[in-house]
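In what follows, a structure is listed as structure tokens, so that the remarks can point back to it.
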Amino acid sequence: MHLIFLWGTLDINFHSPIIQELPNVSILKNPPAKRLVLFIADGLRFRTFIETPPKFLKHVMTNKGAWGISHTRVPTESRPGIVAICAGLYEDPSAIFKGWKENPVDFDSIFNQSYLSWAWGSPDIISIFTKGIKGNIYGDSYPSEWQNFDIIHGKIWRLDSWVFDKYIEWLREDAYKIKNAERIILFLHLLGCDTTGHAVKPYSKEYIANMNYVDRKIKEVVQLTENFFGDNSTAYIFTSDHGMTNWGSHGSGSTDETETPFIVWGAGINTFNFRQNIEQIDITPLISTLIGAPIPINNEGVLPWQYLNVTDLKYINYALLNNLKQLTYQVKANHKMNCEDNEYADWREIELDNKIITLDKDLETADLNERLKEIINSIKLAKKSLLYFRQYQRTRFLLYLSIMWLGWIISLFFKITGVNRPVIHSFILLITNIVFLISIITIFIMYKDCNNWRLSYYTFLAIVSLWSVLSIGMLSIILTQKIVLKNTKNLFFWTALSLAVFPLLPVVEPYPRIYIVILNGRNWISWTILLTTPLYICIYPIQSKERMQGIMLGFFCPFILLSTSYEPCFFIILALHLSCWLQSNSFIQYHQNTKNALTMEELLKAAIFMLYTLLCFFGTGNMASISSFNPSWTRHFVTVFSPFTMFLLILLKICIPLILIGCTSHIFGESSSIFFGVLLLGDCLSLPLMFYVTPQGSWLDIGSAISRFTIAISLPCLILLLHYLSYPLIMFSPNKFKFYINLKKKHIV
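Taken in order, the sequence shown gives residues 540 to 1288; the numbers are from this note's numbering.
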């Protein structure tokens, strides 16, 4: 049941919004540009750019083109940002479970709709668009080992210089083949600023120097391109996928992360020397319009027509009408996914269809300015309709899942309280079974013609309970322990009060306090400490108090090396608190429960251990720490970007405090009835958290919501797992093993 509930909640929120096989809009005739060069300076934030603007791009902004802020949507990461620019959609949320490395569902992009495209840059980005290509996209990347966060040894400038050199090489050797071709896209992904910002921060002289280097090379590329083609039919776009905080991270929703520069110039571009802001997904229909290519079928952006040369108002009308048709196709497909009576169109669909028919007829004869306003208003309706149908579908799924969970919790409650169910008359039971069977058959008949098979599997529901603030829960446990444990040291309660503060601290601090880290090892030294210090646990006696002291000291050094802020303080206080608890002679002694019913004492003990487990997650940062990427956490071990290794290291840091709780649980011992109590409490806790899981927001927001829900629903299994996995840490001793070997030899003799 827990696996079904977990899978269902993640499926509701992270199921792909991409719909395949939608119709394509037509190719626009007589586009203003034959080709477009797209520069994406990864990790370049608008504030640094505008405070110290590079010379060439500043000249373009002032005299040759249009510019503004491109507002990104969180998560502010490279892959979601570049997918938004090149496909016009917010990244498939299910990609978060694959580390943004693969396409869970193939999507359409400007490269697919072009005649030919070339792309150069990071292997993580170029592979997104070249995987499973049809032959019209060519990509090349440098080795992934070059993406090194060590500014001294990484030679970060070579990331960008390699890309520029590859483009110039292509211009000299292969460009002649498509000199007169249309719908050509040339994509240069420039990772230098992002890597420099992570290493030495985005306000540093190195970051600004990298930005100026990119500016000089762009000027060179533009001059060579114009000299080669010589037809004034090339459009240029310069932008960034995301910004960066002052402390060198991104993924969240601060202004520095969501505001990026956007500059466009060349063929078909209007010239104005003032800021015209844009949404990041709006860049996709702009690129398509400039080269006359069909807009990608999953695009959600709206053409920013103000950037186009207004002398060709008829072309702008045709382009906006294409945008309206493409959005309307998505509205109809999403309505169909709701599996209602699809024989009757929704009023939104009818209105959009009527407007498209009218605009198609009158576009040749009507006032173009009036028609432009009409198309823009129709596009607003299409956007609202698309959002409505998507939200409507999600709400229905959550309702079905809620009722399913309600039935499970009621059944579990009756099970652990030992309440005898009343005997039901066989005739009533028969009628009930018949009604249930008819309901199930009716549901499947209703959805038999529905392509969205998921609806028929979400007709069993659960109910919502309220989420309690973790710190309030900790204070409640303190009061309970104060009443029950009368002879405990004062240190026990002071450490408990201190632990209640940690869940209120930020999950990811803006300025990591590196000075808290006592031992700044590096590379092989850090790895040696990580792998060897836990081995010293075995030299401590297996008596509970001494062995717990060894476990705490054995994991302390690895934990510090993986910390950048207040985490070591949490570990020390937690260790002192558990030590005081173990030394208490008045710990609650529970009698072995021989009945099926759960006693209040066992429920209290279950709540205590469950709360300590939750405290370990939310006192030092949780799974959201993995999502909101900052290389400072693992830089003592790795400097080259390695998602899998970094993930495992941060996961180890999260697990270390949990190991202390598991060992404590093992020393005190727990009955099976207590685990039933944990199961009930965990289920009640997970109910409201299901509604907080969201596919929108920063990596920090998404990761926090997912981790809270996942931790709550998997907590019973986790506590049971910790209880048994702690056995070797508590009981293993080399001396005991040696004694057993000697005993065995004597027996053989």
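By construction, the Cβ of each residue, glycine as well, lies at the ideal position given by its N, Cα and C atoms.
Model, not experiment: these values are computed from the prediction.
According to the neighbour-count rule (16 or more other Cβ atoms, all chains shown, within 10 Å of its Cβ), is residue i buried or exposed?
i: Asn-1289; result: Nothing can be reported for residue 1289, as the shown portion of the chain is limited to 540 through 1288.
i: Met-1270; result: exposed
i: Asn-861; result: buried
i: Gly-790; result: buried
i: Arg-814; result: exposed
i: Glu-560; result: exposed
i: Ser-1104; result: buried
i: Arg-686; result: It is Gln, not Arg, that sits at residue 686 in the sequence shown. When all chains shown are included, Gln-686 counts as buried.
i: Lys-900; result: exposed
i: Thr-591; result: exposed
i: Asp-754; result: buried
Taking the CB atoms as reference points, tell me whether residue i and residue j lie closer together than 8 Å.
i: Leu-1113; j: Pro-1196; result: yes
i: Ile-664; j: Arg-722; result: no
i: Phe-811; j: Ile-608; result: no
i: Leu-940; j: Ile-724; result: no
i: Ala-858; j: Thr-828; result: yes
i: Thr-1203; j: Leu-1092; result: no
i: Thr-1071; j: Asn-552; result: no
i: Pro-741; j: Thr-548; result: no
i: Asn-749; j: Ala-605; result: no
i: Leu-1298; j: Ile-895; result: This structure does not reach residue 1298, given that the chain is present from 540 up to 1288, and the question cannot be answered.
Report all residues from its chain with a CB closer than 8 Å to the CB of residue i; omit the five preceding and five following residues, and keep chain order.
i: His-1286; result: Confidence in His-1286 is poor, its pLDDT being 46 and thus under 50, which makes the residue's placement unreliable; the coordinate value appears in the next sentence. So the list is empty, once near-sequence residues are dropped.
i: Ala-626; result: Phe-646, Asp-647, Ser-648, Ile-649, Thr-823, Pro-835, Asn-837 and Asn-838
i: Asn-856; result: Leu-902, Leu-907, Arg-910, Leu-911 and Ile-914
i: Lys-705; result: Trp-659 and Asp-679
For residue i, which three-state DSSP category applies?
i: His-554; result: coil
i: Glu-630; result: coil
i: Leu-798; result: Here residue 798 is Glu; the residue named in the question, Leu, does not match the sequence. Note: Glu-798 maps to strand in three-state DSSP.
i: Ser-1104; result: coil
i: Ser-666; result: helix
i: Leu-847; result: strand
i: Thr-1184; result: helix
i: Ala-580; result: strand
i: Val-1040; result: coil
i: Glu-839; result: coil
i: Gly-678; result: strand
i: Asn-687; result: strand
i: Ser-1225; result: helix
i: Ser-779; result: coil
i: Thr-998; result: Low confidence applies here, because Thr-998 scores a pLDDT of 49, under 50, leaving its location unreliable and the question unanswered by this model.
i: Phe-646; result: coil
i: Gly-731; result: helix
i: Leu-575; result: strand
i: Thr-1071; result: helix
i: Ala-658; result: strand
i: Thr-1138; result: coil
i: Ala-720; result: coil
i: Gly-609; result: For the sequence presented, residue 609 should be read as Ser rather than Gly. Correct three-state label for Ser-609: strand.
i: Lys-818; result: According to the sequence shown, residue 818 is Glu rather than Lys. In this structure, Glu-818 counts as strand in the three-state DSSP scheme.
i: Leu-1220; result: helix
i: Trp-786; result: coil
i: Gly-604; result: strand
i: Tyr-1129; result: Interpretation of Tyr-1129 is limited by its pLDDT of 42, a score under 50 that renders its predicted location unreliable; no figure is taken from the coordinates.
i: Leu-725; result: strand
Who are the Cβ neighbours of residue i in its own chain at under 7 Å, not counting the five residues just before and after it?
i: Tyr-752; result: Trp-696 and Asp-699
i: Ser-683; result: Pro-662
i: His-874; result: Asp-885, Glu-888 and Phe-928
i: Pro-843; result: Ile-817, Asp-821 and Leu-825
i: Val-849; result: Asn-809
Please work out which residues of its chain come closer than 6 Å, Cβ to Cβ, to residue i, disregarding the five sequence neighbours upstream and downstream, and give them in chain order.
i: Leu-577; result: Phe-726 and Ile-776
i: Asn-563; result: Pro-833
i: Val-841; result: Asp-821 and Ile-918
i: His-554; result: none
i: Glu-630; result: Pro-619 and Val-622
i: Gly-582; result: Cys-732, Asp-733, Gly-736 and Met-783
Would the beta-carbon of residue i be found less than 7 Å away from any heavy atom of the ligand FMN?
i: Ala-658; result: With respect to the ligand FMN, the structure shown offers nothing to examine, as it has no ligands at all.
Quick one: does residue i have its CB under 8 Å from some CB of chain C?
i: Ile-1269; result: In the structure shown, chain C cannot be found, because there is only a single protein chain.
* **Three CB pairs or more closer than 8 Å across the stretch 552 to 572 and the stretch 724 to 743** => no
* Asked: Can you find at least 3 beta carbon pairs, one from the stretch 1141 to 1160 and one from the stretch 1064 to 1073, that sit closer than 8 Å?
  -> Judged by Cβ distances under 8 Å, the stretch 1141 to 1160 makes no contact with the stretch 1064 to 1073, as fewer than three pairs qualify.
* Kindly confirm or deny that the stretch 834 to 847 and the stretch 542 to 562 touch, where touching means at least three C-beta pairs closer than 8 Å. => yes
* Say whether the stretch 1026 to 1042 touches the stretch 1106 to 1122, bearing in mind that this needs 3 or more beta-carbon pairs closer than 8 Å, one atom from each stretch. => Contact between the stretch 1026 to 1042 and the stretch 1106 to 1122 is present, with at least three C-beta pairs closer than 8 Å.
* Does the count of Cβ pairs from the stretch 592 to 600 and the stretch 762 to 772 closer than 8 Å reach three? -> no
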